[in-house]
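According to this note's numbering, the sequence shown is numbered sequentially starting from 4.
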Amino acid sequence: MALDQFRVDWDPNSLQTFFNDADQRDAVPESPTLHFFNWKETDSSGRTRSIGSRFQHLFFSRLDIPDEHEWHFERPLGKAFVLKVADVEPRIFLPANGRKVNLTDEAAIMAQTNDLGSDNLVRLRQYKVDQQYCRYYLEFCEFGTLETLRLRYKAWNRYLPEPFLWHTFYFLAHAYLDLSTGPYRSLKFWNFGQALPGQYLLHNDLKTDNIFLANHTNRDEGAIWYPVPKIGDFGLATTTNPDELTTNTAAALQRGTEVWAPPELRIRLMQRGVRYHFEEDVNPQFLIDGNVSLHRIRPEANIWPIGAVMWTLLTMEEIDGLSERVDDILLSEGRAWRAFDGVNVVGSVGPEITSRYSPQLIALIRECTRLKPGGRPQPNRLVEDIFENLVRCFEREQEVFLHTGDPTPLKVAFGHDNINDLPDGGARFPKQPIFWDDFADHLLWSPEDVDLVCPPSAPEDLLFDDQWPVPLRKRFNDRWSRAVQKRDRRAAAEMAQAQAQAAQAATTSLTTCSDHYLRSTSTSTSTSTGRGPVSAVTHPASGPRPHDPFPPQASGEQQHEEDDRPRKRARW
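In structure tokens, the structure reads:
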């Protein structure tokens with residue numbers, strides 16, 4: 004089973020089967036997989052429930068040994084990928100004239116995104132089906148998700164640097180272009196495999212949890228670099244076109260995470276007697292007659308959640324706040340409706356944002372999250388605008404680096420435990436208890452061989468989800484306790500070091516004051532008696548004295564030599 008070789012033969016007359024009998028995979032009776040799926044928990048009333056199947060997505064795999072021996076909780080070392088498992092259900096398979104056996108929507112869509120050769124979309128390495136499970140062997144993105152990164156930076160009270168936001172925006176805009184232009188094929192029974200004009204892909208579940216951070220394979224050695232954002236999880240995606248009458252309506256596309264849904268998909272809020280905003284997208288073949296669920300969903304439905312992703316990275320706010328603004332506008336009520344200018348969901352931003360980020364970045368994010376699809380940017384123009392601003396931003400940061408020589412403000416701690424070395428950023432983001440619950444959930448992906456990330460202000464006890472199996476919760480409780488102890492020891496050591504430095508500085512200051520007093524006394528005595536100093540502390544002829552506020556100026560020759568020295572240069 005080779006990597007990157009999953010393809011679909013789109014010839015409707017060509018027989019292609021994806022079935023792989025379990026006997027061919029060398030399944031063993033004592034498989035850890037089988038044990039895992041049979042795990043049970045007992046509640047306080049003594050009732051038991053099977054919960055293993057809820058955690059199918061935790062398994063990871065390599066391809067060089069039989070499947071059942073490969074599965075385990077930890078991400079494997081070396082070249083690896085994620086194994087996603089789904090139950091076999093007849094409804095998930097495509098009825099492709101019986102010529103594509105056991106092919107699911109998700110596999111067929113990812114075969115098409117594979118054909119694009121895009122660096123912005125997660126690849127499907129292989130796909131197999133047996134009597135029980137569909138297995139999707141997915142590209143491994145070793146740095147987790149954007150949501151994990153956002154939660155960590157918020158926990159550390161830190162904003163992300165603007166170059167990283169432009170970098171992320173650029174890759175996501177390219178993904179928007181890929182989703183909008185394809186080409187994509189129909190997956191309908193009557194025209195399966197046909198590449199129809201105007202066909203595009205709707206992801207239907209774009210959010211920070213479904214944007215993964217992969218290694219940057221083309222980075223220069225020694226350069227500052229950021230991971231590559233990739234859109235993944237196409238389980239709810241669909242291909243469509245503007246002329247689809249049965250599947251391209253808001254009513255037919257009610258799926259995904261509601262708070263991340265674009266405004267045009269929130270039809271439950273579009274009530275009679277309330278202003279309707281999407282008349283121009285209703286197919287002329289439909290008589291709307293009060294039925295507001297029949298408008299078409301355009302490719303711009305993909306850019307709204309991408310803009311929302313960028314908004315959460317910009318502000319460190321949860322998506323719920325932005326989602327509530329959309330709801331208020333659609334219901335024509337609340338503060339957001341009263342402030343609505345008829346175009347932009349996102350209004351003005353506070354000084355804590357405008358002082359850190361350029362107006363161009365804020366304006367483009369506002370444009371992507373506009374209420375009506377027609378007001379959002381087209382993919383080609385968006386990619387060009389972002390690239391132009393990305394170059395300007397990096398040039399500005401280059402100039403700052405040439406003056407300071409400090410690359411720290413540009414770096415992003417995206418590694419599994421890199422952020423543990425950073426102090427609290429001081430932003431004082433409000434954090435409700437549910438924030439720490441989300442933070443705990445995202446620790447689930449932490450490899451066993453690294454420390455858990457542990458923010459300076461995190462509580463000593465985290466409430467891991469009670470839907471996790473008991474052995475897993477116990478393991479993470481133990482790991483969290485060790486992480487808290489290590490954090491507290493590190494903080495105590497840093498405090499002791501700071502106190503020692505303060506004491507040393509106080510001693511130096513006292514010595515300096517004593518020296519100054521003795522010199523002043525000596526000079527006064529010499530002046531009054533005509534004799535030399537009784538006692539004096541001498542200093543070298545060159546170099547600053549301990550109490551001098553500024554060092555002496557270098558000679559002309561020294562200055563010339565310093566001006567000619569090579570200047571540091573930051574590279575991305």
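Beta carbons are placed, not taken as given, at the ideal position from N, Cα and C, and that holds for glycine. This structure is a prediction, so every number in the text was calculated from the model and none was measured.
Item, Value
"One or two residues paired with residue 234 in a DSSP bridge", "124 and 214"
"C-alpha gap between residue 260 and residue 310, whole angstroms", "15 Å"
"Exposure label - residue 457; buried when at least 16 CB within 10 Å", "buried"
"Among 235, 218 and 237, the one whose alpha carbon lies nearest that of residue 228", "218"
"Straight-line gap, residue 250 to residue 244 (C-alpha atoms, nearest Å)", "9 Å"
"Cβ neighbours of residue 175 in the same chain (closer than 8 Å, five flanking residues each side left out)", "123, 214, 232, 234, 309, 312 and 313"
"Closer than 7 Å: residue 88 CB and nearest the ligand GTP heavy atom", "Of the ligands one can find in the structure shown there are none, so the ligand GTP has no counterpart to examine."
"Where residue 157 falls: helix, strand or coil (DSSP)", "helix"
"Start and end residues, alpha helix (DSSP H) containing residue 370", "362-371"
"Exposed unless 16 or more other CB atoms sit within 10 angstroms - verdict on residue 193", "exposed"
"Validate contact between the stretch 496-504 and the stretch 471-480 using beta carbons, cut 8 Å, 3 pairs", "no"
"Residue 406, buried or exposed, once every other Cβ within 10 Å from all chains shown has been counted against 16", "exposed"
"Expected contact under 8 Å - CB spacing of residue 304 and residue 267 to nearest Å", "6 Å"
"Which of helix, strand or coil DSSP assigns to residue 242", "strand"
"Residue from 144, 357 and 200 whose Cα sits closest to the Cα of residue 128", "144"
"Beta-carbon spacing of residue 191, residue 141 below 8 Å", "no"
"Beta bridge counterpart(s) of residue 137 as assigned by DSSP", "89 and 132"
"Buried versus exposed, by CB contacts within 10 Å (16 or more), residue 368", "buried"
"Opposing strand residues paired with residue 502 [DSSP bridges]", "Bridge partners of residue 502: none, in fact."
"Residues near residue 59 by beta carbon distance below 6 Å, same chain, minus five either side", "Residue placement at residue 59 is flagged as unreliable, the pLDDT there being 42, under the threshold of 50; the coordinate-derived value follows with that caveat. 88, listed in sequence order."
"Any beta strand (DSSP E) of 3 or more consecutive residues that is wholly inside the stretch 453-485", "none"
"For residue 113 and residue 137, the rounded distance between their alpha carbons", "14 Å"
"Beta-carbon gap between residue 417 and residue 152 smaller than 8 Å", "yes"
"Close-in-space but distant-in-sequence residues of the same chain around residue 10 (CB under 8 Å, 5 per side omitted)", "114, 117 and 118"
"Residue 279 - containing beta strand (DSSP E), residue span", "Note, residue 279: premise wrong, no beta strand (DSSP E); not H, not E."
"C-alpha distance - residue 52 paired with residue 439, whole-angstrom precision", "Note that residue 52 has pLDDT 46, beneath the 50 cutoff, so the model's placement of it is unreliable and the number below is only indicative. Straight-line Cα distance between these residues: approximately 26 Å."
"Identity of the residue in 421, 95, 102 and 173 nearest residue 384 by Cα", "173"
"Cβ-Cβ distance between residue 156 and residue 319 below 8 Å", "yes"
"Buried or exposed (CB count within 10 angstroms, at least 16 for buried), residue 508", "exposed"
"For residue 336, the three-state DSSP class (helix, strand or coil)", "coil"
"At least three beta-carbon pairs within less than 8 Å, the stretch 410-427 to the stretch 450-468", "yes"
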